[in-house]
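Structure follows, in structure tokens:
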């Protein structure tokens, strides 16, 4: 209750500036979500330069609002135009667009908006009541426990790989190698600087993220050729909010989506896309209306959308409690926190409780504004698809270079961003996932620091990781994840050999994790 009281007090003290920032952030997030190719992660990255002149609370609130609304914006175009604005909106194509073709577009939009609202509110409740108790437990953690937690985060990226585990591992190792450049955080040894003062300071992961995600995407679209035609425009856009009776009938799908999103939101490397596909798979397998899922069932809209929005609250729990981002978007927010000299972790509830309460209160307001503005502006948002794609690309490039330079007022970050933009282009062309590289760049330095300090504290005795109870339990979980990875790799290899022998099937089942390549291509 202490957290809830603090949040309510902070909510009452919001200044007009904060309210304006929240509205602008939500509108920006909706725009980013609607436009194909502009993911909400890129939106949070591109908004980063605007936060440098703000106080920490205002800057974080702005990025949070963009993040929340971005998980929903693409649902509008997915349902009306069969154009997924975000990868996590792809499952909405299969039922939402089918409903629209049957004359039930208003109903589909209503379920998507309502599911986003319920998912966001449920995850907010979880954040309010779970964050502080988890933080109290985390205060008992030592360096050994933190190392194993980071190890679990790194491994979870591989466990969630939708295609090649080998490619995911390669991308993860590239990201982790960045941690070895520059001055060692514990011993002060200079490593792999090659005589360059720029590299001696290390490689900041923010320009890496901007290059990999934002500029890399622009290069890919440039190579493929920007869309020559604009998307077709629908007629009048209406939204029909479901009644209380209809909500009760679909509460099972809503609940499964909320639980899936809240849990996967806190897993590094998972995020809204994985949660959305997993939730759709659950509806296909266990939903009350499972026979109709894929044929225009509201359950195929409710579950994925509730899961997508619920990941936001779930992702903030490890960020605030452990200082470990639960998603790519919270990784950018973590970078903004560090730039403002804010160090998240269990101590933040004692040292900066007002900031924590501001973040939680802003999450609640952002979810409500997303629901209201998402319905009110759905018509104008669809018309944004008339903007030529090359104009959007120019804006992305402009904000990317401004943001990279503003991180440390250094051209070195600009060159690093450009280098990783080229790397991101080739990685995407060769089918390598980007999330493992980014998570490796973020968690790699943490893993190195926690491992080194744990070994120093134990007199270089590696048994510290198994003699401490919490660390030992976490290690058992890590071994279980590794065993799952090995089992899945062997199973996939066996299925691949069988498929190669039998030939392709026309009725392949719906994937529950990952984004099918053919569905995520821009179709503007």
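Residue numbers (our numbering): 949 to 1472. Using N, Cα and C, we set each Cβ at its ideal position, and we do this for glycine too.
State the DSSP-derived secondary structure class of residue 1049, mapped to helix, strand or coil.
Taking the chain shown and counting its residues from 1, one reaches residue 1049 at position 101. Correct three-state label for residue 1049: helix.
Between 1014, 1251, 1008, which lies nearest to residue 979 when the distance is taken from Cα to Cα?
Start at 1 with the first residue of the chain shown, and residue 979 comes out as number 31. Comparing Cα positions, the closest option is 1014.
Extract the residue ranges of the alpha helix (DSSP H) inside the region 1137-1221, only unbroken runs of 4 or more that lie entirely within it.
Correct list: 1145-1148, 1153-1157, 1164-1172, 1192-1197, 1199-1213.
What is the DSSP secondary structure of residue 1130, reduced to helix, strand or coil?
The count along the chain shown starts at 1 and reaches residue 1130 at position 182. Three-state DSSP puts residue 1130 in a strand.
CB-CB under 8 Å to residue 1272, same chain, minus the five flanking residues each way: which ones, in chain order?
As a working note, residue 1272 is residue 324 in the chain shown. Closer than 8 Å at the Cβ level, and outside the excluded window around residue 1272, lie 1097, 1098, 1101, 1216, 1266, 1391, 1394.
Taking residue 1436 as the reference, which of 1130, 1076, 1113 has the closest Cα?
Counted from its first residue, the chain shown places residue 1436 at position 488. Cα-wise, what sits closest to residue 1436 is 1113.
According to DSSP, is residue 1005 helix, strand or coil?
Translated into the one-based positions of the chain shown, residue 1005 becomes position 57. Reduced to three states, the DSSP call for residue 1005 is helix.
Rounded to whole angstroms, what is the Cα-Cα separation between residue 1128 and residue 1283?
Start at 1 with the first residue of the chain shown, and residue 1128 comes out as number 180. Start at 1 with the first residue of the chain shown, and residue 1283 comes out as number 335. Computed Cα separation, rounded: 19 Å.
Let me confirm a value: residue 1298 is counted as buried when at least 16 other C-beta atoms fall within 10 Å, else exposed. Which label applies?
Mapped onto the chain shown, residue 1298 falls at position 350. Flag for residue 1298 reads exposed.
To the nearest angstrom, how far is the alpha carbon of residue 1126 from that of residue 1336?
As a position in the chain shown, residue 1126 is number 178, starting the count at 1. As a position in the chain shown, residue 1336 is number 388, starting the count at 1. The straight-line gap from Cα to Cα measures roughly 36 Å.
State yes or no: is the C-beta of residue 1319 within less than 9 Å of the C-beta of residue 1065?
By 1-based counting over the chain shown, the position of residue 1319 is 371. By 1-based counting over the chain shown, the position of residue 1065 is 117. Yes, they are a contact pair.
State the Cα-Cα distance for the pair residue 1406 and residue 983, rounded to the nearest angstrom.
As a position in the chain shown, residue 1406 is number 458, starting the count at 1. As a position in the chain shown, residue 983 is number 35, starting the count at 1. Cα to Cα, the separation comes out at about 52 Å.
If you count every other CB in all the chains shown that lies within 10 Å of the CB of residue 1258, and 16 or more means buried, which is it?
Stepping through the chain shown from its first residue, residue 1258 is reached at position 310. By the 10 Å Cβ count, residue 1258 comes out buried.
Relative to the alpha-carbon of residue 1409, which residue among 1230, 1092, 1295 has its alpha-carbon at the smallest distance?
Position 461 of the chain shown, counted from the start, is the residue given in the question as residue 1409. For residue 1409, the nearest C-alpha among the options comes from 1092.
How many Å lie between residue 1471 and residue 1256 at the Cα?
For this step, residue 1471 is matched to residue 523 along the chain shown. For this step, residue 1256 is matched to residue 308 along the chain shown. Any reading at residue 1471 must be qualified, since the residue scores a pLDDT of 36, below 50, and its modelled position is unreliable; no value is offered.
With 9 Å set as the bound, which would you pick, yes or no: does the beta-carbon of residue 1164 sit closer than that to a beta-carbon of chain C?
Given the protein chain composition of this structure (a single chain), no chain C is represented.
Throw me the rounded Cβ distance for the residue 951 and residue 1086 pair, which I believe falls under 8 Å.
Counting from 1 along the chain shown, the entry for residue 951 is found at position 3. Counting from 1 along the chain shown, the entry for residue 1086 is found at position 138. Not a contact, Cβ separation roughly 15 Å.
Compute the Euclidean distance between the alpha carbons of residue 964 and residue 1306, then round it to the nearest angstrom.
Locating residue 964 in the chain shown gives position 16, where the first residue counts as 1. Locating residue 1306 in the chain shown gives position 358, where the first residue counts as 1. Cα to Cα, the separation comes out at about 14 Å.
Reducing DSSP to helix, strand and coil, say where residue 1305 ends up.
Here residue 1305 refers to the residue found at position 357 of the chain shown. Helix.
So, using beta-carbon positions, are residue 1024 and residue 1057 closer together than 9 Å?
Locating residue 1024 in the chain shown gives position 76, counting from the first residue. Locating residue 1057 in the chain shown gives position 109, counting from the first residue. The answer is yes: Cβ separation under 9 Å.
Determine the burial state of residue 1232: buried for a count of at least 16 other Cβ atoms within 10 Å of its Cβ, exposed for fewer.
Your numbering for residue 1232 matches position 284 in the chain shown. Counting Cβ neighbours within 10 Å, residue 1232 comes out buried, since at least 16 surround it.
Which residues in the same chain as residue 1188 place their Cβ atom closer than 6 Å to its Cβ, once the five residues preceding and following it in sequence are excluded?
Looking up residue 1188 in the chain shown gives position 240. If we look at residue 1188 and ignore the five residues flanking it on each side, its Cβ neighbours are 1054, 1055, 1058.
Going along the chain, which residues of its own chain have a beta-carbon closer than 6 Å to the beta-carbon of residue 955, five neighbours each way excluded?
Counted from its first residue, the chain shown places residue 955 at position 7. Only 1305, 1308, 1309 meet the Cβ criterion.
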